[in-house]
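First up is the structure itself, then whatever we jot down about it.
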Amino acid sequence: MESLIAISRELSEEVWRAIAQRQCERASQWTAPYRERRASGKLHPVYDFLFVYYRVRPTQLEAWHPQWGITLLEASQETLYQHRYYRHDAHGTTLDPSRLEPRAIHRLEMALRLCETVYQRPPQFGCFGMHEWAMVYRGDSEGEVRHAERLPLRLSQEETDAFVRSQPIACSHSDAFRFFSEAAKPFNRIQPTKETRIKNEQCGCLHTNMDLYKICGQCMPWMGSDLMWRCFEFAVEARILDMRASPYDCLSLGFDPIPIETPTGRAEYERIQRNLHEQAQPLRKEIIDCLQKVLGEVKG
């Protein structure tokens, strides 16, 4: 059904309802199990990161919004489209950039600036997912190992610590870096912060690319749910790589490890990381194009 959007800027009620239903059904395959796990207090260490860390509500993923520029017929009475950014008139229901308030415009501008900068910056590889290892460095003495209640470390704490000390760490993602153990932070090549995000983030970074899903969530409904869904699917794949290369033993979850403590494992990690970069760049370009059009309309 989404292909119809590419050839028509006006969708009949039959078409947009079918698209919305499909969106809800495919999203529910992820959101329903998450709700069940959350209710039982047993979150999935891999998948539920996408709901807990990014704070995109399940209902946001389930609901369908068109991109700006698409008109929905017979949608004026739908609760979902009573959002303040929608305009209803004789032509139908459509998003109206003129209704954006200054705070929302600033949010879209900052997202655009980040995406444009990262898109143009040369990718860097070779980090090998060491951020996850730095997060558990000296976990026995610092008192906390994330996911310890569900996932054991693949190596002993002593072996894990020794490996962290033996490798150069080059994490450019401030949100990943802030979870490093205090003892591991000095090992990082740089000390990224939220304030230096524009300066440091680059398009080879696994977490920067995973963040495309977060950016879509923050910029809805302007992105449109189809783009947001594709960014979610991409984030799932990136998160799987993140945990397969981590120091945790994820075999109980059905994921074989990528042993980055070995040359073979590091080569495999970089191969997949490069592939994910190639998938992320077109998604990032779509986000850029959408934000440029919306903001261009606001500024006239």
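Quick note on numbering: the sequence shown equals residues 10 to 309 in the working numbering.
Virtual Cβ for every residue (Gly too), placed ideally from N, Cα, C.
With 16 other Cβ atoms within 10 Å as the buried cut-off, status of residue i
| i | result |
| --- | --- |
| Ser-261 | exposed |
| Ser-49 | exposed |
| His-182 | buried |
| Lys-223 | buried |
| Val-173 | buried |
| Arg-293 | buried |
| His-140 | buried |
| Asp-9 | The shown model of the chain, from 10 to 309, leaves out residue 9, and the question about it has no answer. |
| Gln-30 | exposed |
| Arg-66 | exposed |
| Arg-280 | exposed |
| Arg-275 | buried |
| Glu-204 | exposed |
| Gly-263 | exposed |
| Glu-295 | buried |
| Gly-305 | exposed |
Beta-carbon contacts of residue i that lie in its chain and below 6 angstroms, excluding the five residues immediately before and after
| i | result |
| --- | --- |
| Gln-76 | Gly-233 |
| Pro-230 | His-74 |
| Ala-254 | Gly-138, Ile-267, Ile-269, Tyr-278 |
| Tyr-90 | Ala-84, Thr-102 |
| Met-237 | Cys-225 |
Rounded C-alpha distance that separates residue i from residue j
| i | j | result |
| --- | --- | --- |
| Phe-189 | Cys-240 | 26 angstroms |
| Glu-34 | Ile-28 | 10 angstroms |
| Leu-117 | Thr-80 | 22 angstroms |
| Lys-302 | Cys-124 | 14 angstroms |
| Arg-130 | Gln-211 | 6 angstroms |
| Ile-199 | Cys-136 | 13 angstroms |
| Ala-7 | Asp-57 | Because the chain spans 10 through 309 in this model, residue 7 falls outside it and cannot be assessed. |
| Val-127 | Ile-207 | 8 angstroms |
| Glu-168 | Tyr-146 | 10 angstroms |
| Leu-104 | Arg-46 | 35 angstroms |
| Glu-19 | Val-307 | 21 angstroms |
| Pro-195 | Pro-256 | 20 angstroms |
| Glu-11 | Gln-32 | Note that Glu-11 scores a pLDDT of 46, beneath 50, so its modelled location is shaky; the value from the coordinates is reported in the next line. Glu-11 and Gln-32: Cα-Cα distance of roughly 10 angstroms. |
| Phe-186 | Met-252 | 16 angstroms |
| Ile-178 | Gly-213 | 15 angstroms |
Residues near residue i in its chain [Cβ-Cβ closer than 8 angstroms; skip 5 each side]
| i | result |
| --- | --- |
| Leu-285 | Leu-215, Asn-218, Phe-243, Glu-246, Ala-247, Leu-250 |
| Val-61 | Leu-52 |
| Asn-209 | Ser-181, His-182, Ser-183, Ile-199, Pro-201 |
Spatial neighbours of residue i in its chain, beta-carbon cut-off 7 angstroms, leaving aside the 5 residues before and after
| i | result |
| --- | --- |
| Arg-37 | In the sequence on display, residue 37 carries Ser and not Arg. Cβ within range, chain order: Glu-71. |
| Gln-69 | Gly-226, Met-229 |
| Gln-176 | Met-139 |
| Arg-159 | Pro-54 |
| Asp-98 | none |
| Ala-113 | none |
| Tyr-63 | Tyr-222, Lys-223, Gly-226 |
Extract the residue ranges of the beta strand (DSSP E) inside the stretch 244-304, only unbroken runs of 3 or more that lie entirely within it. List check, beta strand (DSSP E) in window: nothing returned.
Let me know the alpha helix (DSSP H) ranges lying completely inside the stretch 67-106, each 4 residues or longer, listed in chain order. For the stretch 67-106, whole alpha helix (DSSP H) runs of length 4 or above, ordered along the chain, are 67-71.
What are the complete alpha helix (DSSP H) segments, minimum 4 residues, inside the stretch 192-223? For the stretch 192-223, the continuous alpha helix (DSSP H) assignments of 4+ residues that do not extend past its boundaries occur at 206-209, 215-219, in sequence order.
Runs of alpha helix (DSSP H) wholly within the stretch 28-74 (minimum 4 residues, chain order): Under the rule that a run must span 4 or more residues, the alpha helix (DSSP H) segments found entirely inside the stretch 28-74 read 58-61, 67-71.
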